[in-house]
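FYI, my numbering numbers position 6 of the sequence shown as 6, with every residue one higher than the one before it.
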Amino acid sequence: MKEAKVLTRHQRNQHNRRRLAGFTLAWLLSLALIYFGHRFVWDGDKLITGVMGAINLLLGAGMMWANKIMLNGLDELEQKIQLEAMGLSLGVGLVGGFAYSALAKTGVLPFAAEISHLAVLMALTYLAGTYRGVKKYQ
């Protein structure tokens, strides 16, 4: 009988990060496929686009599950750093997103507000928060 391989904490965290990266990549590719496939591959067929949207939602749920597994594998300090960075990103995204939307709807912004702008802002805020947390607790 084959013995179960016991992973070290470092190996388990690497495995969890790779799983999260895989789900994130699959989710992003499925999102791109919705946009580009709708326009260039299946000529705007709403049924195919809807199915691709459902697949994207499932992959997004998988990405959230993988993130939860990854976070559960971290030690308390790493979890604290992640929680602070995620909280900062959520706050900036919520407050900044509503302000951005209000400015766009009232015509103050000279360009169209896109959700991708908010996603980039939140991602950069999360990265900065993680960097700050690592430096703070070094």
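Note that beta-carbon positions come from the ideal geometry of N, C-alpha and C, so glycine has one too.
Check	Outcome
Rounding to the nearest angstrom, what Cα-Cα distance links Arg132 and Val51 in this structure?	40 angstroms
Is the beta carbon of Gly97 closer than 8 angstroms to that of Leu118?	yes
Just mark Ile81 as buried or exposed, buried being the case when its beta carbon has 16 or more other beta carbons within 10 Å.	buried
Give the secondary structure of Ala4 by DSSP, where H, G and I count as helix, E and B as strand, and everything else as coil.	coil
Under DSSP, the alpha helix (DSSP H) around Thr125 begins and ends at which residues?	Ile115 to Lys136
How would you label Leu90, buried or exposed, when you count the other beta carbons within 10 angstroms and need 16 or more for buried?	exposed
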